[in-house]
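To start, the structure itself, in structure tokens.
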Amino acid sequence: MTFVECENRVQELLSELHDIIKDTQKQREEGNNNLETIGKTHEKMQGEAKLSTYFKQKLRNLYSVALDDADVECDLLKKGLDIIAKIKALQEEKRIAARLSSYNPLDDQPRKSMRRGVLMSMLQKSAQTLPLWIGKPNEKVPPLCGAVSAGPDYIAKPGDKVAARVRTDEAEEQWILAEVVSFNSSLQKYEVDDIDEEGREHHVLSKRRVVPLAQWKANPETDPEALFPKGALVMALYPQTTCFYRAVISKQPTTAHEDYSVLFEDNSYADGYSPALRVAQKYLVVPKEMREL
Amino acid sequence: MSEASPRRPVSEGKGVKTSEISKPFIPSELARPSNLQKIQQRKLQVKNYPRIKKLEKIGVYSSCKELQDDNCKCNGWKNAQSTSNSGENQTSSQQLTTTVTLQDPCRACNHPLSTHVKHLDAAKDDEINRLLSMIVDVENLVVCVQKEEDTDTKQVYFYLYRLLRKCTLQTSRPVIEGPLGSPPFSQPSIGKAVTNFIIYKFGHLPQKEFQIMHELAKTFIYCLNQETLETPSTRTSRGQADDFNEYKMNYTRWLCYCRVPKFCESLVHHATVDVFGRPLLKSIFPLLRRRILDDFRSDKFHVPPDKRTLILSHFPKFLSMLEEELNASNSPIWDVDFSQMPAHMPLPSPRSNDSLSPGTPGSFPSLFSMTSPMGSLQTPIAVTPSGKRRADSGTQSSDDAKRARSSMQSDNDNTQQDFSLEVINEVVNMITDPAQMLGPEAANLSSQSARDEAARQEERQGLIEFHVVANCANASRQILTWLVEIQNVFARQLPRMPRDYIARLVFDTRHRTLALVKEGRVIGGICFRMFPSQRFTEIVFCAVTSNEQVKGYGTHLMNHLKEYHIKQSMYHFLTYADEYAIGYFKKQGFSKEIKVPRSGYVGYIKDYEGATLMGCELNPRIPYTEFSNIIRKQKEIVKKLIEKKQQQISQVMPGLTCFKDGVRQIPIESIPGIMNTGWKPNSDGKRKEIVESVESLFAPLKAIVQSMR
Chain A
1 MTFVECENRV QELLSELHDI IKDTQKQREE GNNNLETIGK THEKMQGEAK
51 LSTYFKQKLR NLYSVALDDA DVECDLLKKG LDIIAKIKAL QEEKRIAARL
101 SSYNPLDDQP RKSMRRGVLM SMLQKSAQTL PLWIGKPNEK VPPLCGAVSA
151 GPDYIAKPGD KVAARVRTDE AEEQWILAEV VSFNSSLQKY EVDDIDEEGR
201 EHHVLSKRRV VPLAQWKANP ETDPEALFPK GALVMALYPQ TTCFYRAVIS
251 KQPTTAHEDY SVLFEDNSYA DGYSPALRVA QKYLVVPKEM REL
Chain B
1 MSEASPRRPV SEGKGVKTSE ISKPFIPSEL ARPSNLQKIQ QRKLQVKNYP
51 RIKKLEKIGV YSSCKELQDD NCKCNGWKNA QSTSNSGENQ TSSQQLTTTV
101 TLQDPCRACN HPLSTHVKHL DAAKDDEINR LLSMIVDVEN LVVCVQKEED
151 TDTKQVYFYL YRLLRKCTLQ TSRPVIEGPL GSPPFSQPSI GKAVTNFIIY
201 KFGHLPQKEF QIMHELAKTF IYCLNQETLE TPSTRTSRGQ ADDFNEYKMN
251 YTRWLCYCRV PKFCESLVHH ATVDVFGRPL LKSIFPLLRR RILDDFRSDK
301 FHVPPDKRTL ILSHFPKFLS MLEEELNASN SPIWDVDFSQ MPAHMPLPSP
351 RSNDSLSPGT PGSFPSLFSM TSPMGSLQTP IAVTPSGKRR ADSGTQSSDD
401 AKRARSSMQS DNDNTQQDFS LEVINEVVNM ITDPAQMLGP EAANLSSQSA
451 RDEAARQEER QGLIEFHVVA NCANASRQIL TWLVEIQNVF ARQLPRMPRD
501 YIARLVFDTR HRTLALVKEG RVIGGICFRM FPSQRFTEIV FCAVTSNEQV
551 KGYGTHLMNH LKEYHIKQSM YHFLTYADEY AIGYFKKQGF SKEIKVPRSG
601 YVGYIKDYEG ATLMGCELNP RIPYTEFSNI IRKQKEIVKK LIEKKQQQIS
651 QVMPGLTCFK DGVRQIPIES IPGIMNTGWK PNSDGKRKEI VESVESLFAP
701 LKAIVQSMR
């Protein structure tokens, strides 16, 4: 898909989204009428000693309409979310394409590097806009939603964000935020890029050194089991950096928009832990070896 | 006798009415409006004389041109018929026309009047009228010389009298020569400095308050232009003798260029505020201040009561602030280069377009223009709704144009065309309308935005606060809490500094800390120590807690610290930066070149081994916390203006066809349109010079490239 096609497609999707939002509002208003009638019917029934068949039948009809309304509204919202996901996918595609085209080793032009402050605010924004998992009642949350890790056979796609364990210049091991470039299935090795443009290094890493980040936020109100429990040991992205450090969950989020509170292991504090810092759901992972502990 | 005695013209002059003279008459009072009016009437009267009468009048002041009599030395025709008449009663012109003809002989040399006015035979009426006007001035000056009691002033009147007398004899134009020099005597002028003052001090105020200050400034300028300076001897008698010679010089200049020309139009008039600068204002300020306030208290100007209250309530403070700037050794308002484009004012507001125009001295504004002692018309202090004024007229927009020019001056003189106010406003509006510029995502941080933009926004929203705190005997609990918190931030972020050392300095009463507070907790700060006697401040510690870094807080902290110091008139920062801090300090405008003399800081500042001394000199005219914003906007404006200009002047030429016709070569300047681009043909010599300089540059540039590899 060319750049222009991509742009046009995004514009189409946006206008579709616009229509859906308007439809949703209309649908919601219609549904409200019915809900009000239900409320009024209940009030009227208060006066009667016994539940008459008339009211029984009436309520049954009203409730079934209300359920249908809710289903229609729900479908509309899901459609809208799908469109948003499509737009995001297109933009991701565009970004990766742009990145590949700038990834020319013969190109000796200095790379346009982003100021760290801008990179940090982008990382924050991408965590905030991570889609929320909306499942059907009693549906199990999928892998890569919240704390649910991907299965052992899962292969991250190019462009996906991962936590990657790399060897630093000082010959130490460090978990960094990186982006997948490719996966070599014969060698079972990932090729990843450091997210930080300054030290944008290329790493070839075995599968166990790469942990994909969550692709959906878990909703604490509907899927609390998909959250890390309080006291769990995780690797968390230290705020305003691109590195993951060991941390303990001190408080779970209570809404979809809230972050975890975590305590980072830090010897410079008397009790060995930093004060509580907030980290988004997206930036918490549990590598395999940690799980085995 | 080569000069007429000042007595004689008086016997014939009628410059001043006797009734006026009989009162205690101060010659400089001739500059009062009522007297000016009388002088004008008198000039008009003389101008309406019949020609012969005019010639007679001029003849009185003209030398005899009779050559046969061994060049007659007589320097003024005297009417033989009115030998003893003082002339006071000869107000009727008809009476004289009948008695005088060109043939009437001079009482002194017996040559006819015609020989005295021979040089005027071919003179146009304009010239004759000019001479007549000058003669009226001469006559008035005679009165001044006679009546003036102060010796210094009298001397000046006498000098000017002689100058004008000489010019009437030679029918030349008066030029004041000698040690006085020529105006302006000092730069910047008082008028300019006062404008600078209100921009510098009040530029940040909302429109309405700024307007009041603007009116006060105009009032001040008006008063100063009207002010009669105290004579050097009175001043000395008041005990102000320190700068006697300088004051006397300025006083003389003021008489010659400002006061006397007011009633002697033959001399070129200058407004006091235009030609004098800081030295004069300094020497007269205390008295001037008293007089102005007294004048308003006694309602000398007949200002309407509400305006009088406004003036009386604001003026004392205004004058005190002005006096402070007058005496401060490094006040920017006396800087010749002070930019009247106030950097810290939001550029796009229409306010900066109209209310800031330098109060043009001379043409006095709304407060007084109609409320002279003679009239009683009243105009309110104009708090004109912005925008309206823009549309009104000449003086205003020319001021604006001037300002626009100063901000985008080019050395290309004639081709330089100013942008009209409308164009500038349009551009300014375009860049301030975020939707037009950045699209709906403007609120997000983009790679375009400045490093401190996010922090600035957070401060505006009240998410972060900045406080300067220090330990002292009665420090509040809040301040002590903050100090403990900031000490913890420093200790954590500067692990190589001993904890107790940090605690000792943070709680030292001579050290202060600028603390950055977010959600009630200190998340960063700069600990500093001021050395007022050495005119510098040492940056002691500077840190932001690790999880709040890369958000622009460090830059914003340093900018706040800079503004804090500008308020205290401290303009130098010094610090010993360790290897990790050098990058930060460089971004904040520090350099390894130290502007403070070594002797000024050695022994004062804490020296760290292995650290680099860095310094930063502050510019009091920069509003640091808004600096990146202002620069960005200025860049946008200039860019847009360039685009506009390019659209305007872009021109398509038909192209050359001569080469098709077999011409091999044409002179460059014959290509149509090329001269319009400002291209100038290079002379051969110049080209040779360029070639030589290129050659001489080659070696050093090559060396640089080598060393960079």
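From first to last, the protein sequence lines are chains A and B. For the first sequence, full-length UniProt numbering assigns the number 293 to the last residue and increments by one with no breaks. For the second sequence, full-length UniProt numbering assigns the number 709 to the last residue and increments by one with no breaks. All residues carry an ideal CB built from backbone N, CA and C; glycine is no exception. Nothing here was measured: the structure is a model prediction, and the numbers come from that model.
Sequence-distant residues of the same chain with beta carbon closer than 7 Å to residue i, five excluded per side
i, result
"B/Tyr257", "Pro183, His270 and Val275"
"B/Arg308", "Phe296 and Asp299"
"B/Ser696", "none"
"B/Lys201", "Met321"
"A/Ser182", "Pro158 and Glu191"
"B/Arg510", "Arg529"
"B/Val156", "Thr252, Leu255 and Cys256"
When the options are compared against residue i, the one with the closest alpha-carbon
i, options, result
"B/Pro623", "B/His560, B/Lys595 and B/Glu609", "B/His560"
"A/Val65", "A/Trp175, A/Ser52, A/Met45 and A/Leu35", "A/Leu35"
"B/Phe244", "B/Ser283, B/Ile642, B/Thr228 and B/Val260", "B/Ser283"
"B/Asn79", "B/Lys73, B/Lys65, B/Glu66 and B/Lys57", "B/Lys57"
"B/Tyr604", "B/Ser533, B/Cys542, B/Leu229 and B/Gln706", "B/Ser533"
"B/Pro681", "B/Glu669, B/Lys201 and B/Ile594", "B/Glu669"
"B/Ala136", "B/Leu36, B/Asn75 and B/Glu579", "Residue identity differs from the one stated: residue 136 of chain B is Val in this sequence, not Ala. Nearest C-alpha to B/Val136: B/Leu36."
"B/Ala450", "A/Thr53, A/Arg115, A/Trp175 and A/Glu7", "A/Arg115"
"A/Lys88", "A/Glu201, A/Arg167, A/Val285 and A/Val10", "A/Val10"
"B/Arg173", "B/Lys640, B/His302 and B/Val268", "B/Val268"
"B/Val194", "B/Gln207, B/Phe210 and B/Ile221", "B/Ile221"
Chain-order list of residues whose beta-carbon lies under 6 Å from that of residue i (same chain, five-residue window excluded)
i, result
"B/Ser22", "Its pLDDT being 42, under 50, B/Ser22 is placed unreliably by the model, and the measurement read from it follows with that caveat. Excluding residues within five positions, none has a Cβ falling inside 6 Å."
"B/Val336", "Gln187 and Pro188"
"B/Thr153", "Thr231"
"A/Arg246", "Glu265"
"B/Phe531", "Tyr604"
"B/Asp413", "Residue placement at B/Asp413 is poorly supported in this model, since its pLDDT is 40, which falls under 50; the coordinates are not used for a value here."
"A/Trp175", "Ala163, Arg165, Met235 and Phe244"
Same chain, Cβ closer than 8 Å to residue i, five either side skipped, listed in chain order
i, result
"A/Cys145", "Trp133, Ala214, Gln215, Trp216, Lys217, Ala218, Asp223 and Ala226"
"B/Gln493", "Ala543, Val544, Thr545 and Ser546"
One or two residues paired with residue i in a DSSP bridge
i, result
"B/Phe536", "B/Phe531"
"B/Leu516", "B/Phe466 and B/Gly524"
"A/Val204", "A/Glu191"
"A/Val166", "A/Gln174"
"B/His572", "B/Glu617"
"A/Val180", "A/Val192"
Simplified DSSP assignment, three categories, for residue i
i, result
"B/Ser172", "coil"
"B/Glu636", "helix"
"A/Gln174", "strand"
"B/Leu194", "Note that residue 194 of chain B is Val in the sequence shown here, rather than Leu. Residue state, collapsed to three classes: helix."
"A/Met235", "strand"
"A/Thr53", "helix"
"A/Lys282", "helix"
"A/Asn267", "coil"
"A/Pro212", "strand"
"A/Ile249", "strand"
"A/Asn33", "helix"
"B/Val336", "coil"
"B/His111", "coil"
"B/Ser546", "helix"
"A/Tyr273", "strand"
Exposed unless 16 or more other CB atoms sit within 10 angstroms - verdict on residue i
i, result
"B/Ser599", "exposed"
"B/Cys658", "exposed"
"B/Gly59", "buried"
"B/Glu563", "buried"
"A/Pro152", "exposed"
"B/Ala491", "buried"
"A/Asp196", "buried"
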